[in-house]
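Student: Have a look at this one before I ask anything.
Rendered as structure tokens:
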């Protein structure tokens, strides 16, 4: 039987928001993070060499997208645990997916944003 990791990893890494999410969670020192903090961090990426404008609307839009799309997909893949009631993410098996990301997807320019 084939190893399911590459298929799972590529499915998780298919969207640029999830790629940034994997990088962020891999480097995050805590094992648990609130979704609103995660959205704020991802929405505040650098854009065109200058700090991105971190507006409530961009972070709120990203939080909704994380909540309804990206976090459930990553939880289904077993990469994270996502508690919808408490709006918290717990990092589980991010390392193997991060390794696939690092080996197969070039580092995205800082100018790209999650939106």
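In this note's numbering, the protein residues as written are 219 to 333. Think of the CB as a built atom: it goes at the ideal place given N, C-alpha and C, for glycine as much as any other residue.
In this structure, does DSSP put residue 246 in helix, strand or coil?
Tutor: Correct three-state label for residue 246: coil.
Student: Starting from residue 321 and walking both ways along the alpha helix (DSSP H), at which residues does that stretch end?
Tutor: Where residue 321 is concerned, the enclosing alpha helix (DSSP H) stretches over 312–322.
Student: Considering residue 307, what are the terminal residues of the beta strand (DSSP E) in which it resides?
Tutor: Element bounds for residue 307: 306–309.
Student: In whole angstroms, what separates the C-alpha of residue 229 from that of residue 295?
Tutor: Rounded to whole angstroms, residue 229 to residue 295 spans 9 Å at the Cα level.
Student: Could you check the C-alpha separation between residue 293 and residue 276 for me, to the nearest Å?
Tutor: Residue 293 and residue 276: Cα-Cα distance of roughly 23 Å.
Student: So, are the CB atoms of residue 344 and residue 288 less than 8 Å apart?
Tutor: Absent from the model: residue 344. The displayed extent of the chain is 219 to 333, so no value can be given.
Student: Report back the beta-carbon spacing between residue 284 and residue 256 to the nearest angstrom; my notes put them in contact at under 8 Å.
Tutor: Residue 284 to residue 256, Cβ: 7 Å. Contact.
Student: Give the DSSP-derived three-state secondary structure of residue 261 in the structure shown.
Tutor: Helix.
Student: For residue 226, does the count of other Cβ atoms within 10 angstroms reach 16, so buried, or fall short, so exposed?
Tutor: The residue in question, residue 226, is buried, as its Cβ has 16 or more Cβ neighbours within 10 Å.
Student: Counting only C-beta atoms, is residue 305 closer than 8 Å to chain B at any point?
Tutor: The chain labelled as chain B is not found in the depicted structure, where only one protein chain is given.
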